[in-house]
């Protein structure tokens, strides 16, 4: 079968790789499943190794967002059946350990991330390929009832990562009914954070964006205001919009030092930053936090814990996060998909096998 | 009258200063009060300039914790009467502005801190003296009903700062019923954080302390466990005590980089650090926060907002934070009071005029 391999800076290739097979010995044997991918996509965080910011030591599988149909299951798999349409979170988890039960499945004591096998520590399948072996299938996979309408596949695919990650920003920021919110970052995660803030009852949502197409999508998702300014000017503008003190919550969905500083300095005294941008660029000024009482909370999203709740809203159309995909390509065009995201010609590219 | 003046490194002197007088012109006139100090004390944060870590540019008044009796009031003061016994928070506030109404009186739009006048920006009285002019007296001061029994004065004095600051750590950390908690720091604030965690319903409270007298006081205040180890060993010990993953909440009550790192690495995945130690020592590792989902929240405590609630519990004896004072001296011995705290011979020194 074919799957994406990253070799180094701006070098992702579709290559022939061994077909996945169910594990037959070792600690994870009998607990896995093989999924035929119906759709996958490229994540903003895939661009870190693509751009050479994360060094690629050796060629490796890449991709962590996919949905598909179960083709085979291990002998001890109980929650997933052959033929089920499933969503795979960007992390592997048993959904039973202490961290999973606490609501933190992304920190599962027996889990891990696509591309490495949490049971053996060795290499494993990742999401951008034709088929994927899923470790701990009972814990990891979420079954979509019935056979979803093809038009829903983009929205279901966002449940692998960007929609629950945007939701995690909003939950970490403490967004609730009548909150005032600013969102830093207009990528797919930032746009999903707008959806999440609206869904949690925010009264006013400011999208920080300077791109007309993303501004328009943010408005459709529930943004009440758009601020194109950044940095100091962005902080000043947002403070001014909220009685001179700033909004209750700022959602940081970029990950640079500049975006985090902007978020931290935009929130009102005693406010909160919910952050989900993978941090590249340096530490947090704790003195600023101390003198403003602005809290900071966030990180890798516990996708599995959020999935049941968000799936309901996707299936009934309450939220439409699938609209963050503004391009679709066959898996064979994967170099072009990465280039389109790298050059910001696309918000997010959906890949069909 | 006499008041404490800090001149430089380890140089605090009691000196003759002008008697305070009510302001008769300018924006704050008519809104202030003169309080005769019944008791004041030395704060851990007073040791930063005393130790030369905060540079003292010119001799200035010092001290920000006091209780006393109102001697004079401005013409527009309504909530405070001559003869009232009052508690002064470590910050000045009007208790009516947007930040005050949001619960963040320490960020009052018209307030400030002892030693400088928030209305004029000029020099003003501080807490370690015989009498103090209190700006914005209606907002700042809290009246204790009746005339408190002298035995209650130490506990009432802790309501100026250390008790609400310990409470702020616990609130910022999200301590609630059945929380598991570790407290980093065994100074007066750390000990008050133990009281606060117990008061908010924590199921288990670990005090990190290597001093027998402080360990004993922590136990009396509600600590269920004592851990003398610090740094890596402290983190490992605390993780191990809570199923290998750590407690829900860690309260950071020191302010050094080491103590903050220890706090951040001790909390369970998805846990929370509530911090109130004045940060000296460098920024926060946001990468550690991201990969663990441990949130960090805290800062200068909004004392005025917490006072009504905590005062009730002090008056009825539910909490006894006055026991953090293990030494008492006359104001004239103020150099000795600073030395005793600096050399850790005393947890906290109470000063009587």
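Protein chains in written order, with UniProt numbering: chain A, 1 to 353; chain B, 1 to 353. All C-beta atoms in this analysis are idealised placements derived from N, C-alpha and C, irrespective of residue type, glycine included.
Asked	Found
Contacts that residue 245/B makes with chain A (C-beta to C-beta distance below 7 Å)	98, 99
Nearest-angstrom beta carbon gap, residue 69/B and residue 362/B [assumed within contact, 8 Å]	This structure does not reach residue 362/B, given that chain B is present from 1 up to 353, and the question cannot be answered.
Cβ of residue 45/A within 8 Å of any chain B Cβ	no
Enclosing beta strand (DSSP E) for residue 206/B [first to last residue]	204 to 208
Minimum length 3: unbroken beta strand (DSSP E) runs contained in the region 191 to 253 of chain B	204 to 208, 225 to 227, 249 to 252
Beta carbon of residue 286/A nearer than 8 Å to that of residue 266/A	no
Among 60/A, 19/A, 39/A, the one whose alpha carbon lies nearest that of residue 46/A	60/A
Boundaries (first-last residue) of the alpha helix (DSSP H) holding residue 357/A	Given a span of 1 to 353 for chain A in the structure shown, any question on residue 357/A remains unanswerable.
Alpha helix (DSSP H) runs contained entirely in the region 28 to 110 of chain A, provided each spans 4 or more residues	47 to 50, 98 to 101
Chain A contact residues for residue 284/B, given Cβ-Cβ distances below 9 Å	283, 284, 285, 286, 289, 296
Chain A contact for residue 260/B (CB, 8 Å cutoff)	yes
Range covered by the alpha helix (DSSP H) that runs through residue 9/A	Per DSSP, residue 9/A belongs to no alpha helix (DSSP H) and is neither H nor E.
Under 8 Å from the C-beta of residue 278/B: neighbouring residues of chain A	290
Nearest-angstrom Cβ-Cβ length linking residue 268/B and residue 290/B, presumed shorter than 8 Å	With 8 Å as the limit, residue 268/B and residue 290/B do not qualify as a contact, their Cβ atoms being about 16 Å apart.
Any C-beta of chain B under 8 Å from that of residue 139/A	no
Residue 225/B versus residue 332/B: straight-line alpha-carbon distance, rounded	39 Å
Beta-carbon proximity check, residue 30/A vs residue 96/A, cutoff 8 Å	no
Rounded C-alpha distance that separates residue 192/B from residue 263/B	17 Å
Positions along the region 107 to 125 of chain B whose CB lies within less than 7 Å of some CB in chain A	107
Of the residues 162/B, 139/B, 213/B, 327/B, the one placed nearest residue 80/B, counting alpha carbons only	139/B
Contacts that residue 293/B makes with chain A (C-beta to C-beta distance below 9 Å)	104, 106, 107, 168, 172, 297, 298, 299, 300, 301, 302
8 Å Cβ cutoff, residue 135/B in contact with chain A	no
Whole beta strand (DSSP E) elements within the region 268 to 347 of chain B, 3-residue minimum	272 to 275, 295 to 298, 327 to 330
Where residue 300/B falls, given that 16 or more other Cβ within 10 Å makes a residue buried	buried
Cβ distance (whole Å) where residue 336/A is taken to contact residue 329/A below 8 Å	6 Å
Alpha helix (DSSP H) segment containing residue 165/A, residue limits	162 to 172
Closest Cα partner of residue 175/A within the set 73/A, 58/A, 322/A, 274/A	274/A
When 92/B, 49/B, 32/B, 132/B are compared against residue 17/B, the one with the closest alpha-carbon	132/B
Among 199/A, 51/A, 53/A, 83/A, nearest to residue 38/A - alpha-carbon criterion	83/A
Any C-beta of chain A under 8 Å from that of residue 269/B	yes
Inter-residue spacing [alpha-carbon to alpha-carbon] between residue 115/B and residue 135/B	11 Å
For residue 263/A, the first and last residue of its enclosing alpha helix (DSSP H)	257 to 266
For residue 64/A and residue 89/A, the rounded distance between their alpha carbons	8 Å
Classification of residue 180/A by the beta-carbon crowding that lies within 10 angstroms, buried from 16 upward	buried
Three-pair Cβ contact test at 8 Å for the region 298 to 317 of chain B versus the region 305 to 317 of chain A	no
Inter-residue Cα distance where the pair is residue 209/A and residue 184/A	8 Å
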